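Heads up: the structure comes next, in structure tokens.
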Amino acid sequence: MNSKSLVRVALAFSLGGALLVPFASAAPEANAPTPLAATAPAKVDGPLTPVDIAAVHNALKWSDNIYSGSCPDGDEGYKALAEKGIKTIVTVDGAKPDLEVAHKYGLRYVHIPVEYSGIAREDAIKIIRAVRDLPGPVFIHCHHGIHRGPAATAMVAIALANYDTAKADAALKQAGTGANYKGLWKDVDEFKVPTQAEIDAADNSFPESSEPSSLATSMVHVDERFGGITAIKANGFKPVAAHPDIDPAHEALLLREAFTELGRSEATTKRGADYAAKMKAAVDASQKLEDAIKAGKVEEANAAYDATKASCGSCHKLYRDTKED
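Quick note on our numbering: the sequence shown kicks off at 172 and runs consecutively.
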């Protein structure tokens, strides 16, 4: 964790928003989640070819060997991908993939999770090596196939499909990648084509399923973002000179996405309906906080900030601060 992150976590702690103590484990592990319904991005012309694949949303063809889209929705989605000729799937989502169904249709998975805040070059090159070395065509997905997946695919296209930055940006716009996901755009725009030696040096273990972040680690991500919001709260949720790195709307977006990702993780699904409901309350409150900050509505932002903090507190009281017998 860098010094900026430590400052943000410290700020969250100072207001009683500490989230880092691990929760007690509970029920058995749940199956990999299927994608939630998402609003389709507005249609924009670009270099990509839209593809109709049953039970896969936002499917796009980047080259003869590279496709992107949403997480396949159950048996129907994996079957459709196989019928399309896809051989390998790379997921950058946090959730574990459904390997049983994928293998049923002869599909090879690679799981390299990335963050909404950006994609590390090391992870990008791992993905590039997987696309280069494993049987194609390759389908790359996140959850909805709009933000992280297209950003990762853009880096692959720059490295392997002769995309330049302008073409990659046009592809992201066509995929619907939100301009507010500044870290993803920045990493794509600054991405330099790796040398063959760099690609050859990347990890080629190609894990089919990566261990999800622990609940404590996920809470660190939430704390970092909440700390950032806390740092600007007294200034009406506007930038402050002491923290020039904090963009209010972007910070609120990343807080909401941190809660959303946690809400569909195994750490949540294995804890039952009540825990999931409390996590949804945190997602809803952080969405209202994001909307209010973007709209410049300080009074509403303050109320949503308090609701977000309270949703954490009510959950902690039952699940973090009480030991099991």
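Beta carbons: idealized from backbone N, C-alpha and C, even for Gly. Treat the numbers as computed from the prediction; the structure is a model and nothing was measured.
| message | Three or more C-beta pairs under 8 Å: does that hold for the region 233-241 against the region 307-322? | response | The region 233-241 is in contact with the region 307-322.
| DSSP-derived helix/strand/coil call for residue 144 | Because the chain in this structure spans residues 172 to 496, residue 144 falls outside the shown range and cannot be described.
| Taking C-alpha atoms, which residue in 315, 252 and 420 lies nearest to residue 431? | Here residue 431 corresponds to residue number 260 of the sequence shown, with the count starting at 1. For the residues 315, 252 and 420, the minimum Cα distance to residue 431 belongs to 315.
| query | DSSP three-state call for residue 257: helix, strand or coil? | reply | Numbered from 1 along the sequence shown, position 86 holds the residue referred to as residue 257. When DSSP states are grouped into helix, strand and coil, residue 257 belongs to the coil group.
| request: Check the C-beta distance from residue 345 over to residue 434 and give it rounded, since I have them as a contact under 8 Å. | output: For the purposes of this step, residue 345 is taken as residue 174 along the sequence shown, with counting starting at 1. For the purposes of this step, residue 434 is taken as residue 263 along the sequence shown, with counting starting at 1. That belief does not hold up - the Cβ atoms of residue 345 and residue 434 are roughly 28 Å apart, past 8 Å.
| message | residue 457 and residue 426 - do their beta-carbons sit closer together than 7 Å? | response | Translated into the one-based positions of the sequence shown, residue 426 becomes position 255. Translated into the one-based positions of the sequence shown, residue 457 becomes position 286. A contact, by the Cβ cut-off of 7 Å.
| message | On the criterion of 16 or more Cβ atoms from any shown chain inside 10 Å, does residue 274 qualify as buried, or is it exposed? | response | In the sequence shown, counting from the first residue as 1, residue 274 sits at position 103. It counts as exposed.
| task | With distances taken Cα to Cα, identify the nearest neighbour of residue 123 among 347, 285, 255 and 250. | result | Residue 123 is absent from the model: the chain starts at 172 and stops at 496.
| said: Is the beta carbon of residue 278 closer than 7 Å to that of residue 251? | reply: Within the sequence shown, the letter at position 80 stands for residue 251. Within the sequence shown, the letter at position 107 stands for residue 278. Taking 7 Å as the Cβ cut-off, residue 251 and residue 278 do not qualify as a contacting pair.
| Segment limits, alpha helix (DSSP H) that includes residue 457 | The residue you call residue 457 lines up with position 286 of the sequence shown. Counting along the chain, the alpha helix (DSSP H) containing residue 457 begins and ends at 444-466.
| message | From the DSSP secondary-structure annotation, give me the bridge partner or partners of residue 378. | response | Here residue 378 is taken as the residue at index 207 of the sequence shown, counted from 1. Answer by DSSP bridge pairing: none, since residue 378 is not bridged.
| request: Spell out the partners DSSP gives residue 274 in its beta bridges. | output: In the sequence shown, counting from the first residue as 1, residue 274 sits at position 103. None; residue 274 has no bridge partner.
| Given residue 414, which residues of its chain have a CB within under 6 Å of its CB, disregarding the five upstream and five downstream residues? | Taking the first residue of the sequence shown as 1, we reach residue 414 at position 243. So the qualifying residues of the chain are 402.
| said: Taking only three categories from DSSP, how would you classify residue 237? | reply: Counting from 1 along the sequence shown, the entry for residue 237 is found at position 66. Note: residue 237 maps to strand in three-state DSSP.
| message | Going by C-alpha to C-alpha distance, which of 359, 467 and 421 sits closest to residue 321? | response | Taking the first residue of the sequence shown as position 1, residue 321 is located at position 150. Of 359, 467 and 421, the residue nearest in Cα terms is 359.
| said: Given this structure, state the Cα-to-Cα distance separating residue 447 from residue 423, to the nearest angstrom. | reply: Residue mapping note: residue 447 aligns to position 276 of the sequence shown, counting from 1. Residue mapping note: residue 423 aligns to position 252 of the sequence shown, counting from 1. Rounded to whole angstroms, residue 447 to residue 423 spans 21 Å at the Cα level.
| said: Check this for me: beta carbons of residue 337 and residue 290, under 7 Å apart or not? | reply: The residue you call residue 337 lines up with position 166 of the sequence shown. The residue you call residue 290 lines up with position 119 of the sequence shown. Annotated as distal: residue 337 and residue 290, with beta-carbon spacing of 7 Å or more.
| said: Would residue 395 and residue 280 qualify as a contact pair, given that the criterion is a beta-carbon distance under 7 Å? | reply: The residue given as residue 395 occupies position 224 in the sequence shown. The residue given as residue 280 occupies position 109 in the sequence shown. No, the pair does not count as a contact, with Cβ atoms beyond the cut-off.
| task | Let me know if residue 297 comes out buried or exposed under the rule of 16 or more other beta-carbons within 10 Å of its beta-carbon. | result | Along the sequence shown, read from residue 1 onward, the residue named residue 297 stands at position 126. Here residue 297 is buried, its C-beta having at least 16 other C-beta atoms within 10 Å.
| request: For residue 453, I'd like the list of residues in its chain whose CB is within less than 6 Å of its CB, leaving aside the five on either flank, ordered along the chain. | output: Start at 1 with the first residue of the sequence shown, and residue 453 comes out as number 282. Closer than 6 Å at the Cβ level, and outside the excluded window around residue 453, lie 430 and 482.
| task | Count the other CB atoms, across all protein chains shown, that sit within 10 Å of the CB of residue 215; report buried if there are 16 or more and exposed otherwise. | result | Counted from its first residue, the sequence shown places residue 215 at position 44. Exposed: under 16 other Cβ atoms inside 10 Å.
| task | Between the Cα of residue 301 and those of 313, 292 and 283, spot the shortest distance and give me the residue it belongs to. | result | Stepping through the sequence shown from its first residue, residue 301 is reached at position 130. Comparing Cα-Cα distances from residue 301 to each of 313, 292 and 283, the minimum goes to 283.
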